[in-house]
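Chains as they are written, first to last, in this note's numbering: chain W, 1 to 157; chain H, 1001 to 1681.
Scroll down for the structure; my scribbles are underneath it.
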Amino acid sequence: MRIKFTLNGKVADINVEPDSSLLEVLRNDIELNGPKFGCGLAQCGACAVLLDGVSIRSCVTPAAIVEGRTLTTLEGIGDKDNPHPLQAAFIAEQAMQCGYCASGIMTTAAAFLASNKSPTRDEIRGALSGHLCRCGSQPRMIRAVERAARVMNGDDE
Amino acid sequence: MSVSRREFIHSSGSVVVYFSLGGCGASDPSGEDAVASSDNRITIHTDGSVELFMGKVELGQGIGTALAQIAADELGVAFDRIRLTGVDTDFSPDESYTFSSISIQQSGPKVREAAASARAYLEQLSDRDAADNSAVVGQSVPRIDIPGKTFGDVSFIQDVRLDGMVHARVVHPPAERAVIQEMDSKSVEEMPGVLKVVRDSNFVGIIAEREGQARTAAAALAALIRWELPGDLPSSDEVYDWLKRAESRKEEVSASGTVNFSPSDTVHRATYRRPYQAHASISPSAAIAFFEDSKLTVWSHAQGMYPLRGAIAHTLGLSPQDVRCVHKEASGCYGHNGADDAACEAAVLAMRLPGRPVRLQWERADEFLWEPLGPAMQIETQAVLDSEGRISNWQHDLWSCPHTGRPRDVDSAGYFLYAKHKENPLPDPAPYSIPQPSGGSDRNSVPLYDIKNVRVNKHFVTDIPILGSSLRGLGAYGNVFAIESFMDELAAQIGADPFEFRKRHLDDVRALEVMQRLEKETQWQARPQPGTGVGWGVAFARFKNLSSYLGLVMQLQVNAETNAIQLIKATAVCDAGLVVNPDGLKAQIEGGIIQSASWTLKEQVRLSNRARESYDWNTYPILRFDEIPDVDVILIDRPEQKSLGVGETAQGPTAAAIANAIYHATGKRLRQLPFTPDRLV
Ligand code: FES
Ligand code: FES
């Protein structure tokens, strides 16, 4: 089955097995590392990607759904040469231990900051509460999101 | 890779400093540029980069960065000249496991020694960096691995893709000691993409071209197997009584003075309980294995590549020389999770399909149902207070199964799941009681307090219904929870302030300084009145009684209607000797506090007599973003003291500080973990 969609700003036109999950297509066919397999059950958030700007769980999403739509993964949020303020903030705050959960969290946080420019700490907690982190990096991640919001507002740094 | 010339610069004992010309850039572990001896630690390349071969594995704890700091410091080169190479049994130093928060103690001095040898060479070349670089140690150098993980580089074993790689799943039994009654795999063998269905008695695996095909086929196959379950597990409710009844041997952990509870004494007694708990790593275990020309290569995220090699070789009837184990990171493991078993199972499957790399990915339920668990504990404490309000007699008895079950060699290979499930299973290894001063279930069971008469007994349960394993802190979590809760209970008996009561029994100056600093930083004396629903609790421990010191105050709030416990703030003071990377240490302690808070408030593996009933994140919930407290960690730097690990130091104190804070908030004393709201009813 052929699907055509916008992936991280470029047109993707690929052949996929009809019943493949979006996560499998992104990881195994397109070979992206950002979206991660954590549960396959829509419970942990490791696989989060943005579909038309909204954070979804790619592990339970059929790949066919993205036809004609816009998909953004961690790789499309920013890169080394042009990091998203969130990525810069996660590095500045050293906001991960193992980092396995961080990709999904940055991805959801990017969508959240696009809609909420000056979030309170509780709003950040709420926005990320569907994401699990086993290493206990949440305090740093919250600080990183706060830092990114300040940078995006031109408040400091 | 072509290497035009090699030159050994210096060789002394376990340290070989090695210089290669020509083959610069990434070193190819299988190419000619490989270091010859497994003891080589540092290679200086012609492009000026310094390659550090790690003996310990990166678990997300930042050990790579800390070792690079030490190497840069000793070599006198800029930090960014150091490159790290992970553990590979073909060429890395053999430092066995990465565990017990002793990596920096064990590996740090060896790296320093190797770097000192290399420095002589650099001095000859006048290649050291002009600026004095010694300040690298003690600075919060950013972790080397974080940028790659932030931008989606290949960072984890899950990101490794080999040419021709195929995908596997294992259809695990539903419970320990279950056996197959009936299995008909024919229809599954014909499913699209399926390359092989492998069965070896109670071991069943499937290999397919694509991952989705392997998943679908595994699910179909699972439905075609009829298992018989022995129904011999102690259920969650029965487990504590079961521990006391089960076969055990009593070991005296500590005896000082003469513990004597006479009829005239008022003996204070309490019983504390810790359930089976899971590592619950965010990434379920995975491994890749490749078998060709009678050689096996296994990529794994287990904590020790050399022990893994020995155990796999024995289990599969190979010579260790024909097995190579290469470490790749996965998500944090916090001890012995499913990693070793996934590696062994991938190897079994790869040997049935030579010439193709086989990638095995455990599903979420595989990890929850088959990872070895942090074992349940029953702890009974007794104490007598004298007329001056000092503890005169103290006794601590604990019951628990072994906190270790790692396949590490010929004798312990029987711990592998595959070794149990295959035809002609390997014999069950003899239960191993980790001796003091580290201890297993008895870790931190001896109070650090100055008490005249102390007796500590470990009842080492040798009947093992569920494999136990190292889970961050081992017995220290349960024992410190018990000791520090009991200290609070004793203080309350005589109306003493919990801080003052602890200080009264401390004669270790470093411990006292930690507690004084904590009392000041939290303004403890201004804490709210008891019984208001807002609670503050304190706890203290020195990990293993010989590693880092940590005192912690937890502030929380208990909802009067729902009994929900909301953590507000944790403040910790830690003395870990000489600090190599302050921010890295803080991050580990913060993470430890959050994880222990999660264990303490939420976590228990639910057991019925038939099976584990926690198999996903709904049946095994952990703390979420909207439930975590703010965390403040203060380090006391002691440059004159040796560096101590902090990875596990916070586990016990956090649990007790929460229990003590709940008591302060509500007047209710919780002694059985986890503290779910129903316990407050
Ligand atoms: S992997 Fe998709 S939510 Fe966990
Ligand atoms: S940083 Fe390890 S799971 Fe979040």
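Virtual Cβ for every residue (Gly too), placed ideally from N, Cα, C.
Since the model is a prediction, treat every value here as computed from it, not as a measurement.
Check	Outcome
Distance cut-off 7 Å: W:PHE90 Cβ against heavy atoms of ligand 1	no
CB contact check: W:MET1 to chain H, cutoff 8 Å	no
Candidates W:ARG134, W:GLY40, W:ASN33 and W:VAL54, of which the one nearest W:ALA109 by Cα	W:VAL54
Lining residues of ligand 2 - beta-carbon closer than 7 Å to any non-hydrogen atom, in sequence order	W:MET96, W:GLN97, W:CYS98, W:GLY99, W:TYR100, W:CYS101, W:ALA102, W:CYS133, W:ARG134, W:CYS135, W:SER137, H:GLY1060, H:ILE1282, H:SER1331 and H:GLY1332
Where H:ILE1225 falls, given that 16 or more other Cβ within 10 Å makes a residue buried	buried
Proximity test, H:ARG1215 beta-carbon vs ligand 1 heavy atom, cut-off 7 Å	no
Buried versus exposed call for H:ILE1494 [16 or more other C-beta atoms within 10 Å across all chains shown]	exposed
Rounded Cβ spacing between H:TYR1477 and H:SER1614 (contact assumed at less than 8 Å)	The pair is not a contact, with the Cβ atoms about 18 Å apart (cut-off 8 Å).
W:PHE37 beta carbon near ligand 1 (any heavy atom closer than 7 Å)	yes
Within-8 Å CB hit, H:TRP1299 to chain W	no
C-beta contact flag for H:VAL1253 and H:VAL1456 at 8 Å	yes
Secondary structure of W:MET96, DSSP reduced to three states	coil
Separation of H:HIS1396 from H:SER1030, as counted between CA atoms	Below a pLDDT of 50, predicted positions are generally treated as unreliable, and H:SER1030, at 32, falls in that range; no measurement from the model is reported.
Inter-residue spacing [alpha-carbon to alpha-carbon] between H:ALA1655 and H:ASP1366	28 Å
Secondary structure, alpha helix (DSSP H): runs of 4+ residues fully inside the stretch 60-94 of chain W	74-77 and 85-92
Rounded C-alpha distance that separates H:TYR1097 from H:GLY1591	21 Å
Assumed close pair H:VAL1057, H:ILE1207 - CB separation to whole angstroms, cut-off 8 Å	Rounded, the Cβ-Cβ distance is 27 Å, inconsistent with contact.
Residue ranges of each alpha helix (DSSP H) within the stretch 1259-1317 of chain H, 4 or longer	1305-1316
Rounded separation between H:LYS1193 and H:ILE1288 - CA only	The sequence shown places Gly at residue 1193 of chain H, rather than the Lys named in the question. Cα-Cα distance, rounded: 19 Å.
Cutoff 8 Å; reference H:GLU1292; Cβ partners in own chain excluding five residues on either side	PRO1354 and GLY1355
Three-pair Cβ contact test at 8 Å for the stretch 1437-1453 of chain H versus the stretch 1230-1240 of chain H	no
Buried or exposed (CB count within 10 angstroms, at least 16 for buried), W:ALA89	buried
Chain-ordered neighbours of H:LYS1149 on chain W, where CB pairs are closer than 7 Å	MET96, GLY99 and ALA102
Near-chain H residues of the stretch 70-99 of chain W - C-beta to any C-beta below 8 Å	THR73, LEU74, GLU75, GLY78, ASP79, LYS80, PRO83, GLN87, PHE90, ILE91, GLN94, MET96, GLN97, CYS98 and GLY99
Close beta carbons around H:ALA1131, own chain, < 6 Å, minus the five adjacent residues each side	Reliability fails at H:ALA1131, whose pLDDT of 48 lies under 50, so the model's placement of it is uncertain and the value that follows must be treated cautiously. If we look at H:ALA1131 and ignore the five residues flanking it on each side, it has no Cβ neighbours.
Any non-hydrogen atom of ligand 1 within 7 Å of W:ALA42 CB	yes
Separation of H:LEU1506 from H:LEU1385, as counted between CA atoms	16 Å
Partner residues on chain W for H:GLU1211, Cβ-Cβ distance less than 7 Å	GLU24 and ASN28
Three-state secondary structure assigned by DSSP to H:GLN1436	coil
Any C-beta of chain H under 8 Å from that of W:ALA48	no
Stretch pair the stretch 90-108 of chain W + the stretch 128-142 of chain W: three plus CB contacts closer than 8 Å	yes
Any non-hydrogen atom of ligand 1 within 7 Å of H:GLY1551 CB	no
Inter-residue Cα distance where the pair is H:ALA1491 and H:GLN1277	30 Å
Cβ shell of W:ARG121 (< 8 Å), same chain only, five flanking positions each side left out	ILE142 and GLU146
Residues of the stretch 121-143 of chain W whose Cβ lies closer than 9 Å to any Cβ of chain H, in chain order	ARG121, ASP122, ILE124, ARG125, GLY126, ALA127, LEU128, SER129, GLY130, HIS131, LEU132, CYS133, ARG134, CYS135, GLY136, SER137, GLN138, PRO139, ARG140, MET141 and ILE142
Nearest residue (CA-CA) to H:THR1271, options H:ASN1479, H:SER1187 and H:THR1676	H:ASN1479
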